[in-house]
Amino acid sequence: MSFRRALATRRRPVSSPRSHRFPLPPHMADAVTPREEDYSQWYLDVVRNAKLADNSPARGCMIIRPNGMALWENMRDALDGMFKATGHENLYFPIFIPERFMAREAEHVEGFAKECAIVTHSRLTTNEDGDLIPDPESKLGENYIVRPTSETIIWDTYSKWIQSYRDLPLLYNQWANVVRWEMRPRLFLRTAEFLWQEGHTAHATQHEAIEEAERMLDVYATFAEEYMAMPVIRGRKTESERFPGAVDTYCIEAMMQDGKALQAGTSHFLGQNFAKAFDCTFTNEDNEVEHVWATSWGVSTRLVGGLVMTHSDDQGLVLPPKLARDQAVIVPIYFNDDQRATVLKEAERIKKELADAGVRVKLDADDNQKPGWKFAEYELQGIPVRLAIGPRDVKNENIEVARRDTKDKNIVPQEGIADRVKTMLDDIQTSLYDRALARQEEMTTTVDDYDTFKEVLEEKGGFVRAHWDGTAETEQRIQDETKATIRCIPLDQEQEGGEDMITGKPSSGRVLFAKAY
RNA sequence: CGGGGCGUGGCGCAGUCCGGUUAGCGCACCUGCUUUGGGAGCAGGGGGUCGCCGGUUCGAAUCCGGCCGCCCCGACCA
């Protein structure tokens with residue numbers, strides 16, 4: 040069932056007309072810089088306050104804190120299941136790549152040479168001044184590159200594993216860290232080291248490899264929309280935006296709240312480029328020797344950044360229930376030990392009821408923090424549903440339910456609370472997606488002339504659909520003049536002839552421009 | 001690599017221009033009491049090589065020289 044169809048069959052929102060927004064104490068506004076004021080600072084404030092990650096002592100790297108790691112783990116588990124379901128197996132290649140491997144595929148080296156970390160020594164020693172230095176005696180015979188991606192080492196290996204068409208296809212994936220020495224890092228969005236998955240497949244035919252690349256793009260798009268509630272545009276990259284060494288790069292592009300696009304995942308048809316570079320051949324059914332056809336595809340911890348920027352607001356993080364580690368949190372309220380005992384007993388019972396119904400629920404019985412503090416904290420952390428129960432509620436058999444995305448808050452009967460929360464979680468998941476989709480559509484503008492194009496980019500931002508003559512020159516000129524790049528040539532759009540808005544040359548279809556992360 | 005800014009308890013800062021008690025404030029932390037339906041109050045307490053090295057001076061967080069690091073803005077990128 041498609042996601043759109045799934046949305047259509049969902050139930051109505053659970054909020055009632057009696058519901059009201061909860062007020063925020065003035066000082067809380069200080070925790071997160073409003074988006075309007077400074078979007079970059081807002082993003083950093085959300086990440087910091089939700090305790091997702093910290094900067095690290097190593098420049099450009101990040102320390103992923105438990106809240107951030109839990110998000111990534113949930114993404115990883117969901118994706119891993121989807122990879123397995125499409126026939127892939129996990130394996131692991133080493134972090135160090137012999138330097139000479141990088142040089143084998145010309146475009147590939149060129150693409151990555153400028154951002155490689157290189158291991159040259161294997162020992163430390165002290166010099167005359169007592170300073171620690173790499174021991175000159177330990178200089179390596181051959182340097183190692185810390186992998187920026189693993190195509191080279193993998194294709195060197197595949198060439199040993201593959202002899203015959205009977206060995207194909209190879210459908211492998213690895214979960215790993217990679218290093219790309221970036222000049223301007225931003226937590227999750229662009230860090231020197233990041234966690235990702237890289238799929239590397241080998242096929243007997245071009246057709247099969249292209250199918251694989253397309254299939255995995257579809258997996259990414261489905262994941263983004265169904266789990267992250269983040270609508271994406273599926274597309275193909277232009278030559279200049281292509282992965283170094285790829286014949287074709289497919290991508291999913293998402294629109295962030297500030298009108299900038301985020302490349303959220305890529306899938307590459309590598310042709311026979313790496314097979315040729317690493318002499319990876321197989322014998323086909325007709326006893327002819329051919330080079331293997333390849334794909335690679337990946338998504339990274341950048342997705343966490345995309346998730347943050349898609350749904351969060353000026354009160355902090357907003358998480359889609361499917362990826363939230365805790366979908367609901369129960370905050371008990373009491374004023375003395377007697378009440379504490381009674382309230383906690385009820386809270387425990389409700390927790391069990393929710394857990395039995397399959398809700399990931401946490402009860403925060405910590406006496407060190409007070410309810411008001413906890414409310415604020417869980418809002419910053421984006422927990423989808425908050426339940427509060429105090430002496431009054433115990434007496435009246437009620438419970439307070441607040442949803443993070445709309446900030447609706449209601450006092451409802453305890454009876455049927457599990458169903459109510461489950462329905463609410465479903466509703467949050469779909470309404471987050473709906474809202475993001477509406478924003479994406481609102482932030483997409485179709486233009487036919489360059490003046491309007493520049494004006495839209497300047498004043499509104501977002502995706503701009505325009506005709507392009509297909510040349511790298513025009514693409515470069517637009518980038519130089521507007522900072523916008525062609526994010527992709529969308530896959531599912533009607534073919535529509537037209538003229539390039541600058542050169543007037545014929546165009547076979549509109550492409551999607553945007554400023555990007 | 002260019003342009004800007006900043007290094008002072010865990011975090012955020014004041015003090016530096018114009019050198020001079022024991023380096024101060026908020027948050028956080030510890031103890032106690034009172035509190036508790038939206039980030040509690042009061043009292044007490046602990047915690048500092050003022051980025052590093054050198055110089056000037058009776059005396060340096062403060063002046064001078066050098067170095068190091070970080071952040072922001074641009075060029076490269078998932």
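Going by my numbering, the first sequence opens with residue 40, and the numbers climb by one from there. Heads up, the beta-carbon is just placed ideally off N, CA and C, and yes, glycines get one too.
Give every residue of the same chain whose Cβ lies closer than 8 Å to the Cβ of residue i, excluding the five residues on either side of it in the sequence, and list them in chain order.
i           : result
residue 484 : 495, 499, 501, 502, 503 and 504
residue 138 : 157, 181, 182, 183 and 184
residue 454 : 436
residue 461 : 396, 397 and 398
residue 188 : 151, 217, 237, 335 and 337
Could you tell me if residue i is buried or exposed, where buried requires 16 or more neighbouring beta carbons within 10 angstroms of its beta carbon?
i           : result
residue 431 : exposed
residue 44  : At residue 44 the pLDDT is 28, less than 50, meaning the model places this residue with poor confidence; the figure from the coordinates comes in the next sentence. Exposed, by the Cβ-count rule.
residue 205 : exposed
residue 328 : exposed
residue 373 : buried
residue 371 : buried
residue 157 : exposed
residue 131 : exposed
residue 385 : buried
residue 307 : buried
residue 153 : exposed
residue 222 : exposed
If I measure Cβ to Cβ from residue i and keep anything under 6 Å in the same chain, skipping five residues before and after, which residues do I get?
i           : result
residue 554 : 299, 522 and 523
residue 210 : 126, 127 and 240
residue 425 : 368, 417 and 441
residue 550 : 507, 525 and 528
residue 547 : none
residue 281 : 288
residue 113 : 362
residue 450 : 437 and 439
Helix, strand or coil, according to DSSP, for residue i in the structure here?
i           : result
residue 465 : helix
residue 513 : helix
residue 198 : helix
residue 97  : coil
residue 86  : helix
residue 327 : coil
residue 14  : For the chain, the structure presents residues 40 to 556; residue 14 sits outside this window and is missing.
residue 68  : With a pLDDT of only 38 at residue 68, under the threshold of 50, the placement of this residue in the model should not be trusted, and no figure is reported.
residue 508 : coil
residue 407 : coil
residue 544 : coil
residue 379 : helix
residue 159 : strand
residue 105 : helix
residue 418 : helix
residue 529 : strand
residue 166 : coil
residue 134 : coil
residue 460 : helix
residue 470 : helix
residue 208 : coil
For the beta strand (DSSP E) containing residue i, list its first residue and its last residue.
i           : result
residue 138 : Where residue 138 is concerned, there is no enclosing beta strand (DSSP E), although the alpha helix (DSSP H) it sits in stretches over 138–141.
residue 437 : 437–442
residue 265 : From DSSP, residue 265 is part of no beta strand (DSSP E) but of the alpha helix (DSSP H) over 245–265.
residue 400 : 400–402
residue 174 : Note, residue 174: premise wrong, no beta strand (DSSP E); not H, not E.
residue 280 : Here residue 280 belongs to no beta strand (DSSP E), and DSSP marks it neither H nor E.
residue 369 : 367–371
Which residues in the same chain have their Cβ closer than 7 Å to the Cβ of residue i, if we skip the five residues on either side of it in sequence?
i           : result
residue 102 : 92, 93 and 95
residue 166 : 172
residue 251 : 240, 242 and 334
residue 513 : 507, 539, 541 and 542
residue 530 : 273, 274 and 275
Measuring CA to CA, which of the options is closest to residue i?
i           : options               : result
residue 399 : 377, 82 and 359       : 359
residue 428 : 187, 387 and 248      : 387
residue 144 : 463, 513 and 313      : 313
residue 4   : 286, 274 and 309      : Residue 4 is absent from the structure shown; the chain starts at 40 and stops at 556.
residue 136 : 149, 191 and 556      : 191
residue 295 : 207, 361 and 272      : 272
residue 278 : 309, 268 and 254      : 309
residue 497 : 323, 520 and 510      : 520
residue 121 : 262, 487, 409 and 325 : 262
Going by DSSP, what residue range makes up the alpha helix (DSSP H) through residue i?
i           : result
residue 295 : Neither: residue 295 is in no alpha helix (DSSP H) and is coded neither H nor E.
residue 313 : 312–316
residue 344 : 341–350
residue 496 : 489–498
residue 150 : 145–151
Comparing the CB of residue i with every heavy atom of the ligand NAD, is any distance shorter than 8 Å?
i           : result
residue 115 : This structure lacks the ligand NAD, and indeed carries no ligand of any kind.
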